[in-house]
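Chains as they are written, first to last, in numbering that gives the first Met the number 0: chain A, 0 to 318; chain B, 0 to 318.
The C-beta atom is built at its ideal place from N, Cα and C for all residues, glycine as well.
Here's the structure we're looking at; comments come further down.
Protein chains: 2
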Amino acid sequence: MIDVRRLRLLRELDSRGTIAATAQALHLTPSAVSQQLAALAKETGVRLLDPAGRRVRLTPAAQVLLEHADILFAQLERAEADLAAFDEGRVGSVAVAAFTTAISGIVAPALLALRESRPRLRLSVTDVPEPACFDQVLGGELDLAIGITHAGARPLDSRLLRIPLLDDPLEVALPVGHPYASASVVPLEALRADEFIVSRPGTACREVAHAACAAAGFVPQVRHNADDFVAILTLIAAGCGVSLVPRLAGLSSTDQVVLRPIAGSVPIRPIFAAVRRGSHQAPHLSAVLAALVAAARSPSPYDAPASVRGGEAWAVHSG
Amino acid sequence: MIDVRRLRLLRELDSRGTIAATAQALHLTPSAVSQQLAALAKETGVRLLDPAGRRVRLTPAAQVLLEHADILFAQLERAEADLAAFDEGRVGSVAVAAFTTAISGIVAPALLALRESRPRLRLSVTDVPEPACFDQVLGGELDLAIGITHAGARPLDSRLLRIPLLDDPLEVALPVGHPYASASVVPLEALRADEFIVSRPGTACREVAHAACAAAGFVPQVRHNADDFVAILTLIAAGCGVSLVPRLAGLSSTDQVVLRPIAGSVPIRPIFAAVRRGSHQAPHLSAVLAALVAAARSPSPYDAPASVRGGEAWAVHSG
DNA sequence: ATCGATCATGTAGTCCAGCTTAACGGTTCA
DNA sequence: TGAACCGTTAAGCTGGACTACATGATCGAT
Chain A
0 MIDVRRLRLL
10 RELDSRGTIA
20 ATAQALHLTP
30 SAVSQQLAAL
40 AKETGVRLLD
50 PAGRRVRLTP
60 AAQVLLEHAD
70 ILFAQLERAE
80 ADLAAFDEGR
90 VGSVAVAAFT
100 TAISGIVAPA
110 LLALRESRPR
120 LRLSVTDVPE
130 PACFDQVLGG
140 ELDLAIGITH
150 AGARPLDSRL
160 LRIPLLDDPL
170 EVALPVGHPY
180 ASASVVPLEA
190 LRADEFIVSR
200 PGTACREVAH
210 AACAAAGFVP
220 QVRHNADDFV
230 AILTLIAAGC
240 GVSLVPRLAG
250 LSSTDQVVLR
260 PIAGSVPIRP
270 IFAAVRRGSH
280 QAPHLSAVLA
290 ALVAAARSPS
300 PYDAPASVRG
310 GEAWAVHSG
Chain B
0 MIDVRRLRLL
10 RELDSRGTIA
20 ATAQALHLTP
30 SAVSQQLAAL
40 AKETGVRLLD
50 PAGRRVRLTP
60 AAQVLLEHAD
70 ILFAQLERAE
80 ADLAAFDEGR
90 VGSVAVAAFT
100 TAISGIVAPA
110 LLALRESRPR
120 LRLSVTDVPE
130 PACFDQVLGG
140 ELDLAIGITH
150 AGARPLDSRL
160 LRIPLLDDPL
170 EVALPVGHPY
180 ASASVVPLEA
190 LRADEFIVSR
200 PGTACREVAH
210 AACAAAGFVP
220 QVRHNADDFV
230 AILTLIAAGC
240 GVSLVPRLAG
250 LSSTDQVVLR
260 PIAGSVPIRP
270 IFAAVRRGSH
280 QAPHLSAVLA
290 ALVAAARSPS
300 PYDAPASVRG
310 GEAWAVHSG
């Protein structure tokens, strides 16, 4: 294998002209330079120097080697520069896990902002469900996971750090024919007699909905279970019940379903990011965290193409 | 400066997972690996390893470093491959000097052939006059010079090797009104009384012309001196005399000037290549030499666009 | 033509980077 | 809980890399 250190001697010899000058420039004796260059010639298997009078001339093979050496030196400098850039959070790669609405509402806008401010910071996003993603962060497969605080959740591992991102308010989704469909705000207690469509048992959305109803003083009558908001809206439009949907989902009222704010103390989905304790100070991760926090605070979420937005997509399905 | 040897340890650690496995793979003790990686972390100024249970995990900074390391390793392998390729004359760069007609008649076709057979062999051609070019070959600025053997020439330096390329035959150039203009071959003695247009004193062409006339038994009456063949043909067309032109110049008869072969023993320009003695065995130079010899032997010289060929160019000037 | 200066390269000796051995603290798994 | 494993550290040793010096060759100036 070629010794890069010896390539440096060759480069210096090419620009200085003599071994003596090379040695002086590198604070060595000419003998050392001569020996090292002889070793380089031996390990590459080609002659590198030709005697020319009382000095030496680089052989054509040495010229070929030098061209590659310059590329190598440049690459080494780039590596050092990138380590410095990493210290400032400008380069690196971060693997993020998030649930669907967090991807479109928080991660995507953050990713857009980072692409502007730190183009060489690579973000990879994966849709990993909530209990597993934290294990993957601990295992090092992921660097950051976005989750929801709720009663049924396993407490966060002590080696993970919780960083609050957003308290996502819930709204009620009612069919147009519902008595409260035209109210500006809806008290949750008014839905005490309605049938509810909520997520499958064990999911964060279901826990949050149950907690909100409990706070309003009743236990919701669950009739249907659906995780996907498009499916939920379809069921509501079909008159199968009402639901609580997070504002982050980016849904909007249609001609068959209306979304209304909740009166009084508004129930929320507390959304947070989890990282390995200590790793949040790493420059690349702290840069991503800052972008996520900023995106969560930003009033207008990522404006996806209309066809993929929940409301319109549902309208297509129902039409 | 980053030590490439240590980067290898990091790469191995990344793929093997543990320091112990890395050490075993590289026939070292875990202690040595640990020490070298610690040294790498110190010289780069970043932490590279995080303890993870009883093993270690690469930090994000180490991942950044690894990406560069892989590029470096690939570049090193490319360098070794190119040294091997150099041994076969497939890569390298050769600086060639030649006079004008040799460039178009020999070097250009050789360059075309080499571009096909050895695309990574870089040839640079320079138009350097005859006495100086040999000094530049000796000095190492050039690798090969093409010259003409003639009486007035300084004998070739003993450190240079002469490789014959081509015995370029001369032809007579006559105005259409000349008595021999319609002869199929022209005996040189028949031009004893004509006035001659030849190159400037000291040039190879003039020496060759004088030697040819001397062999025919007369001393040419020189009236005009011109080096450029287009200028010579213009003068002939204007009725200012006759000339001897080399076939390699690629000239052809026009409606005002005819070219005719010389009867009897045809005078020639002996064209040769000169390289530093010993260097002709170097693979890159021997490849170029072989291409030059082949191009010189090839019956059809490089077929340049018509507008730059001597004959047509002259026709344009005279029209 | 000669002498001194300069240069590359051997040889012998010295020194330190990098290795090994041994010991230790921490973690995992039975 | 103990045994096995892992990574790190300390101490000592070895070989590679450097220096000092000598040699042979070349160049430039006198």
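{"Asked": "Got a sec: which bits of the segment 63-76 of chain B sit with their beta carbon under 9 Å from any beta carbon on chain A, in order along the chain?", "Found": "V63, L64, E66, H67, A68, I70, L71, Q74 and L75"}
{"Asked": "Establish whether the CB of D13 (chain B) and some CB of chain A are separated by less than 8 Å.", "Found": "no"}
{"Asked": "Of all the CB atoms in chain B, is at least one closer than 8 Å to the CB of R319 (chain A)?", "Found": "With chain A represented from 0 up to 318, any question about residue 319 (chain A) goes unanswered, as that position is not in the structure."}
{"Asked": "Please state whether the Cβ-Cβ distance between L165 (chain A) and I105 (chain A) is less than 8 Å.", "Found": "yes"}
{"Asked": "So is A60 (chain B) in contact with chain A if we call contact Cβ pairs under 8 Å?", "Found": "yes"}
{"Asked": "Taking contact to mean at least 3 C-beta pairs separated by less than 8 Å, is the segment 165-182 of chain A in contact with the segment 261-268 of chain A?", "Found": "yes"}
{"Asked": "What does the Cβ neighbour count give for R117 (chain A), buried or exposed, with the cut at 16 atoms within 10 Å?", "Found": "buried"}
{"Asked": "Anyone know if the C-beta pair for I147 (chain B) and P269 (chain B) falls short of 8 Å?", "Found": "yes"}
{"Asked": "Using a Cβ-Cβ cut-off of 8 Å (strictly less than) and excluding sequence neighbours within five positions of R10 (chain A), which residues of its own chain qualify?", "Found": "L65, A68, D69 and F72"}
{"Asked": "Would you mind listing the beta strand (DSSP E) stretches within the segment 261-305 of chain B that are 3+ residues and don't spill past its ends, in chain order?", "Found": "267-275"}
{"Asked": "Got a sec, what are the start and stop residues for the beta strand (DSSP E) P163 (chain B) sits in?", "Found": "L159 to P174"}
{"Asked": "Kindly provide the ranges of any beta strand (DSSP E) runs that are 3 or more residues long and lie completely inside the segment 73-123 of chain A, ordered along the chain.", "Found": "91-96"}
{"Asked": "Decide if the segment 192-201 of chain B is in contact with the segment 279-289 of chain B; the criterion is three or more beta carbon pairs, one per stretch, under 8 Å apart.", "Found": "no"}
{"Asked": "Which value, in whole angstroms, describes the spacing of the CA atoms of L143 (chain A) and L75 (chain B)?", "Found": "36 Å"}
{"Asked": "Using 8 Å as the threshold, is the C-beta distance between V127 (chain B) and Q135 (chain B) below it?", "Found": "yes"}
{"Asked": "State the Cα-Cα distance for the pair L137 (chain B) and A272 (chain B), rounded to the nearest angstrom.", "Found": "13 Å"}
{"Asked": "What does T43 (chain B) touch in chain A if you count any residue whose Cβ is under 8 Å from its own?", "Found": "E79 and L82"}
{"Asked": "Measure from the alpha carbon of V221 (chain A) to the alpha carbon of each residue in A:A230, A:F228, A:G240 and A:A215, then state which is nearest.", "Found": "A:G240"}
{"Asked": "So I147 (chain B) is in the beta strand (DSSP E); what residue range does that whole segment cover?", "Found": "L143 to I147"}
{"Asked": "Which of the three DSSP states is assigned to S242 (chain A) in this structure?", "Found": "strand"}
{"Asked": "So with Cβ pairs under 8 Å, would you call G151 (chain B) a contact of chain A?", "Found": "no"}
{"Asked": "For T233 (chain A), which of A:P266, A:T253, A:G249 and A:S92 has the nearest alpha-carbon?", "Found": "A:T253"}
{"Asked": "Taking the straight line between their C-alpha atoms, what separation do you get for A24 (chain B) and S33 (chain B)?", "Found": "14 Å"}
{"Asked": "With 8 Å as the threshold, decide whether the Cβ of V124 (chain A) is near any Cβ in chain B.", "Found": "no"}
{"Asked": "Kindly give me the distance between the Cβ atoms of S242 (chain B) and F195 (chain B), rounded to whole angstroms, as I take these residues to be in contact under 8 Å.", "Found": "6 Å"}
{"Asked": "With 8 Å as the limit, tell me which residues of the segment 264-293 of chain B have their beta carbon closer than that to any beta carbon of chain A; keep them in chain order.", "Found": "A281, H283 and L284"}
{"Asked": "So which residues on chain A does I1 (chain B) lean against when the C-beta distance must stay under 7 Å?", "Found": "L75, A78 and E79"}
{"Asked": "Within its chain, find whatever has a CB closer than 6 Å to the CB of R5 (chain B); leave out the 5 residues flanking it on each side and keep chain order.", "Found": "Q35 and L39"}
{"Asked": "Starting from E13 (chain A), trace the alpha helix (DSSP H) in both directions and tell me its first and last residue.", "Found": "It should be noted that the sequence gives Asp, not Glu, for residue 13 (chain A). Residues V3 to R15."}
{"Asked": "Locate the beta strand (DSSP E) running through A48 (chain A), then write down its first and last residues.", "Found": "Before going on, a small fix: residue 48 (chain A) reads as Leu here, not Ala. Here the beta strand (DSSP E) through L48 (chain A) covers L48 to A51."}
{"Asked": "Among B:G88, B:F133 and B:A213, which has the Cα closest to the Cα of R153 (chain B)?", "Found": "B:F133"}
{"Asked": "Would V90 (chain A) count as contacting chain B if we go by Cβ distances under 8 Å?", "Found": "yes"}
{"Asked": "Indicate the three-state DSSP secondary structure (helix, strand or coil) for L370 (chain B) in the structure shown.", "Found": "Any property of residue 370 (chain B) remains undetermined from this structure, which presents chain B solely from 0 to 318."}
{"Asked": "Out of A:A20, A:P29, A:D81 and A:R56, which has the shortest C-alpha to C-alpha gap to I323 (chain B)?", "Found": "Since the first residue of chain B shown is 0 and the last is 318, residue 323 (chain B) is not available in this structure."}
{"Asked": "Nearest to G88 (chain B) by alpha carbon, out of B:H209, B:R275, B:L120 and B:S297?", "Found": "B:L120"}
{"Asked": "Any idea which residues DSSP pairs T125 (chain B) with across the strands?", "Found": "B:A96"}
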